[in-house]
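One structure is given here, and the rest of the page talks about it.
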Amino acid sequence: MKIAVLRETTAGERRVAATPETIKKFISLGATVAVETGAGEGASISDADYAAVGATVAPRAQTIADSDILLGVQGPSPDSLAGAKSGAWLVAGLNPFGERARVDAYAAMGLEALAMEFMPRITRAQSMDILSSQANLAGYKAVIESANAYGRAFPMMMTAAGTVNAAKCFVMGVGVAGLQAIATARRMGAQVSATDVRSATREQILSLGAKPIFVESVAGIEGEGAGGYATEMSDEYKAAQAELVSSHIAKQDIVITTALIPGRPAPRLISDAQIASMRAGSVIFDLAAESGGNVEGSVPGKTVVKHGVKIIGAQNVPSTLAADTSALFSRNLYNFLSAFWDKEAGKPVLDEEIGTAIRLTQGGKVINERLLAS
Numbered sequence: 028m029k030i031a032v033l034r035e036t037t038a039g040e041r042r043v044a045a046t047p048e049t050i051k052k053f054i055s056l057g058a059t060v061a062v063e064t065g066a067g068e069g070a071s072i073s074d075a076d077y078a079a080v081g082a083t084v085a086p087r088a089q090t091i092a093d094s095d096i097l098l099g100v101q102g103p104s105p106d107s108l109a110g111a112k113s114g115a116w117l118v119a120g121l122n123p124f125g126e127r128a129r130v131d132a133y134a135a136m137g138l139e140a141l142a143m144e145f146m147p148r149i150t151r152a153q154s155m156d157i158l159s160s161q162a163n164l165a166g167y168k169a170v171i172e173s174a175n176a177y178g179r180a181f182p183m184m185m186t187a188a189g190t191v192n193a194a195k196c197f198v199m200g201v202g203v204a205g206l207q208a209i210a211t212a213r214r215m216g217a218q219v220s221a222t223d224v225r226s227a228t229r230e231q232i233l234s235l236g237a238k239p240i241f242v243e244s245v246a247g248i249e250g251e252g253a254g255g256y257a258t259e260m261s262d263e264y265k266a267a268q269a270e271l272v273s274s275h276i277a278k279q280d281i282v283i284t285t286a287l288i289p290g291r292p293a294p295r296l297i298s299d300a301q302i303a304s305m306r307a308g309s310v311i312f313d314l315a316a317e318s319g320g321n322v323e324g325s326v327p328g329k330t331v332v333k334h335g336v337k338i339i340g341a342q343n344v345p346s347t348l349a350a351d352t353s354a355l356f357s358r359n360l361y362n363f364l365s366a367f368w369d370k371e372a373g374k375p376v377l378d379e380e381i382g383t384a385i386r387l388t389q390g391g392k393v394i395n396e397r398l399l400a401s
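Quick note: to get my numbering, add 27 to the position in the sequence shown (first position is 1).
Quick look at the structure:
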């Protein structure tokens, strides 16, 4: 069983899909591991570090040749996988809805593409969940970047020259990223509030010492929603939410938006009129900018100024913390493959529940029901 670790080729991607820690564990399972030359540079891992734990370091063609499993962070271009053997697993974050043509190409090459972001949110798969591990650090970094752009202090400060008021930070969307954003902003001394369409998050917000801001006149989602994610809300709820946000957002200094709906464009949470109500110098960080944006006018990878408000459009935030996010991502992949490792077969063998959820292609065809139904 040969496992290949690919160097990422997507612009700006600094993460790597395996670290010396996880490679050592793969080898202990009986696998051989080949790492593409320079794969870990962006995450401060040298080729020598990989070689020291027993991996072979080589150019891509040699790394891919005869490999049974190809590990990546983002889905590689099909052209870059020339020479991969039919039936090999490609295990990565494959963005199936956004890169359907690429998935079709994987199928045509005979690869068995496994999309890690389709991992079901069930208890036994928590340690395999790349979305949660990466979102956690993205929520943290959103606050750090916002504080840097804000130009004022976050905590209240008492000085002989007078008092500096604490920044007011509003988090919209209380998933993994949102919860970490709340916790980070609180640690930095901000006055924090948060909102979500899922009623279960109220207690989570309170537990972190923040103020919950919820629509009371129209029912939201009871419990956690489908698979732990929010779903599309009624027009009545959207109107009530917009009214609530408009009255609250005008008083905020920092707003962080994190709302995503799998397989659909990100919901619009903040309008141009609402931006105009904020005071000059305020900051909005749109963590959903790459998926269409929660904020009107946000641009992925850029900071734009509208009505004196800085709008930061997030683009691959986890990559900006590549050493830590790579460590977490690589553990997710190891936890996944090792959980299904069959000692007699000398390879992982997926069960039906998780295999059906994450397998996109098999036998030259796209077979995933979620993807076929989109």
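Positions of the beta carbon are idealized from the N, C-alpha and C atoms, including for glycine.
- [ ] Consult DSSP for glutamine 101 and reduce its assignment to one of helix, strand or coil.
- [x] Reading the sequence shown from its first residue, position 74 is the one you call residue 101. In this structure, glutamine 101 counts as strand in the three-state DSSP scheme.
Task: DSSP-derived helix/strand/coil call for glutamate 251 - done: Against the sequence shown, residue 251 aligns to sequence position 224. Low local confidence applies: a pLDDT of 49 at glutamate 251 is under 50, so the model's placement there is unreliable, with the coordinate-based value given in what follows. Glutamate 251: coil per DSSP, three-state reduction.
Task: Three-state secondary structure assigned by DSSP to lysine 278 - done: Looking up residue 278 in the sequence shown gives position 251. Lysine 278: coil per DSSP, three-state reduction.
TODO: State buried or exposed for leucine 233, treating a residue as buried only when at least 16 other CB atoms are found within 10 Å of its CB.
DONE: In the sequence shown, counting from the first residue as 1, residue 233 sits at position 206. Label assigned to leucine 233: exposed.
Task: glycine 189 burial status per 10 Å Cβ neighbour count (16 or more: buried) - done: Translated into the one-based positions of the sequence shown, residue 189 becomes position 162. Answer is exposed; the Cβ neighbour count stays below 16.
Task: Residues near asparagine 362 by beta carbon distance below 6 Å, same chain, minus five either side - done: For this step, residue 362 is matched to residue 335 along the sequence shown. The answer, listed in chain order, is Ser154 and Met155.
Task: Counted within 10 angstroms of its Cβ, other Cβ atoms place alanine 217 as buried (16 or more) or exposed - done: As a first step, residue 217 is located in the sequence shown; it is residue number 190 there, counting from the start. Answer is buried; the Cβ neighbour count reaches 16.
Open item on the list: Just verifying my parser: in three-state terms, what is the DSSP assignment at arginine 386?
Closed with: Residue 386 sits at position 359 when you count from the first residue of the sequence shown. Note: arginine 386 maps to strand in three-state DSSP.
Task: Rounded C-alpha distance that separates glutamate 371 from aspartate 76 - done: As a working note, residue 371 is residue 344 in the sequence shown. As a working note, residue 76 is residue 49 in the sequence shown. Distance between the alpha carbons of glutamate 371 and aspartate 76 is about 30 Å.
TODO: Express the C-alpha separation of valine 62 and tryptophan 116 in angstroms, rounding to a whole number.
DONE: Numbered from 1 along the sequence shown, position 89 holds the residue referred to as residue 116. Numbered from 1 along the sequence shown, position 35 holds the residue referred to as residue 62. Their backbone Cα atoms lie some 16 Å apart in a straight line.
Open item on the list: Just to confirm the assignment: which complete alpha helix (DSSP H) runs, minimum length 4, are found wholly within the region 189 to 241?
Closed with: 203 to 214 and 228 to 234
Open item on the list: Checking 8 Å against the spacing of the C-beta atoms, do asparagine 163 and valine 201 come in under that value?
Closed with: As a first step, residue 163 is located in the sequence shown; it is residue number 136 there, counting from the start. As a first step, residue 201 is located in the sequence shown; it is residue number 174 there, counting from the start. Not closer than 8 Å, so no.
Task: Secondary structure of isoleucine 157, DSSP reduced to three states - done: Within the sequence shown, numbered from 1, the residue matching residue 157 stands at position 130. DSSP places isoleucine 157 in helix when its eight states are reduced to three.
Open item on the list: Let me make sure I understand the geometry here. Which of Pro294, Ala194 and Ala269 has the alpha-carbon closest to that of alanine 300?
Closed with: Translated into positions along the sequence shown, residue 300 becomes position 273. Here the closest residue by C-alpha is Ala269.
Open item on the list: Classify glutamate 380: buried if its beta carbon has 16 or more other beta carbons within 10 angstroms, exposed otherwise.
Closed with: The residue given as residue 380 occupies position 353 in the sequence shown. Exposed is the call here.
Open item on the list: Quick check: what's the CA-CA separation for aspartate 313 versus phenylalanine 356?
Closed with: Sequence index remark: in the sequence shown, residue 313 carries index 286 (1-based). Sequence index remark: in the sequence shown, residue 356 carries index 329 (1-based). So the alpha carbons of these two residues sit roughly 23 Å apart.
Task: Selection from Met185, Ser346, Leu296 and Pro289 that minimises the alpha carbon distance to proline 147 - done: Looking up residue 147 in the sequence shown gives position 120. That would be Pro289, whose Cα lies nearest to the Cα of proline 147.
TODO: For arginine 298, collect the residues of the same chain with a Cβ closer than 7 Å to its Cβ; drop the 5 residues on either side in sequence, then sort them by chain order.
DONE: Position 271 of the sequence shown, counted from the first residue, corresponds to residue 298. Note that residue 298 is serine in the sequence shown here, rather than arginine. Correct list, in chain order: Glu323.
TODO: Following the continuous alpha helix (DSSP H) through aspartate 74, name the residue where it begins and the one where it ends.
DONE: Locating residue 74 in the sequence shown gives position 47, counting from the first residue. Where aspartate 74 is concerned, the enclosing alpha helix (DSSP H) stretches over 74 to 79.
Open item on the list: So, for leucine 287: in the same chain, excluding its five sequence neighbours on each side, which residues have a beta-carbon less than 7 Å away from its beta-carbon?
Closed with: Within the sequence shown, residue 287 is the residue found at index 260, counting from 1. Around leucine 287: Ala293, Ala315 and Ser318.
TODO: Ignore the nearest five residues each way along the sequence and tell me which others in lysine 29's own chain have a CB closer than 8 Å to its CB.
DONE: Taking the first residue of the sequence shown as position 1, residue 29 is located at position 2. Excluding residues within five positions, the ones whose Cβ falls inside 8 Å are Ala58, Thr59, Val60, Ala61, Asp93, Ser94, Asp95 and Ile96.
Task: Candidates Ile339, Ala366, Arg291 and Arg214: closest to serine 401 by CA position - done: Taking the sequence shown and counting its residues from 1, one reaches residue 401 at position 374. When each option's Cα is compared against that of serine 401, the closest is Arg291.
Task: Where threonine 83 sits in the DSSP three-state scheme - done: Translated into positions along the sequence shown, residue 83 becomes position 56. Strand at threonine 83.
Open item on the list: For alanine 169, which residues in the same chain have their Cβ closer than 6 Å to its Cβ, ignoring the five residues on either side in sequence?
Closed with: By one-based count along the sequence shown, residue 169 stands at place 142. If we look at alanine 169 and ignore the five residues flanking it on each side, its Cβ neighbours are Ala208, Ile283, Phe312 and Leu314.
Open item on the list: If distances are taken between C-alpha atoms only, which option among Tyr133, Ser365 and Ala366 comes closest to lysine 392?
Closed with: For the purposes of this step, residue 392 is taken as residue 365 along the sequence shown, with counting starting at 1. Lysine 392 has its Cα closest to that of Tyr133, out of Tyr133, Ser365 and Ala366.
Task: Opposing strand residues paired with glutamate 139 [DSSP bridges] - done: Reading the sequence shown from its first residue, position 112 is the one you call residue 139. Trp116.
- [ ] With lysine 52 as the anchor, note down where its alpha helix (DSSP H) starts and where it stops.
- [x] Counted from its first residue, the sequence shown places residue 52 at position 25. Looking at the DSSP string, the run of the alpha helix (DSSP H) that includes lysine 52 is 47 to 55.
Open item on the list: Mapping the DSSP letters down to three states, classify phenylalanine 363 as helix, strand or coil.
Closed with: If you number the sequence shown from 1, residue 363 lands on position 336. Helix.
Task: Inter-residue spacing [alpha-carbon to alpha-carbon] between glycine 250 and tryptophan 368 - done: Position 223 of the sequence shown, counted from the start, is the residue given in the question as residue 250. Position 341 of the sequence shown, counted from the start, is the residue given in the question as residue 368. Legend: pLDDT at glycine 250 = 44, less than 50; position of this residue unreliable, no value from coordinates given.
TODO: Evaluate contact between the region 137 to 151 and the region 102 to 118, counting only Cβ atoms and requiring at least three cross-stretch pairs below 8 Å.
DONE: yes
Task: threonine 352 (DSSP reduced to helix, strand or coil) - done: Within the sequence shown, the letter at position 325 stands for residue 352. Helix at threonine 352.
Task: Burial state of serine 160, where buried means 16 or more other Cβ atoms lie within 10 Å - done: As a first step, residue 160 is located in the sequence shown; it is residue number 133 there, counting from the start. Looking at its Cβ environment, which holds 16 or more other Cβ atoms inside 10 Å, serine 160 is buried.
Open item on the list: Measuring only the C-alpha atoms, how far is histidine 275 from threonine 352?
Closed with: In the sequence shown, the residue the question calls residue 275 occupies position 248. In the sequence shown, the residue the question calls residue 352 occupies position 325. One C-alpha to the other measures close to 33 Å.
TODO: Classify alanine 168 as helix, strand or coil using the three-state DSSP reduction.
DONE: Reading the sequence shown from its first residue, position 141 is the one you call residue 168. At residue 168 the sequence reads lysine, which differs from the alanine that was named. Correct three-state label for lysine 168: helix.
Task: Whole-angstrom distance between histidine 334 and arginine 306, CA atom to CA atom - done: For the purposes of this step, residue 306 is taken as the residue at position 279 of the sequence shown. For the purposes of this step, residue 334 is taken as the residue at position 307 of the sequence shown. Computed Cα separation, rounded: 8 Å.
- [ ] Enumerate in chain order the residues of its own chain whose CB-to-CB distance from glutamine 389 is below 7 Å, with the five nearest sequence positions on each side excluded.
- [x] In the sequence shown, counting from the first residue as 1, residue 389 sits at position 362. Excluding sequence neighbours, glutamine 389 sits near Glu139.
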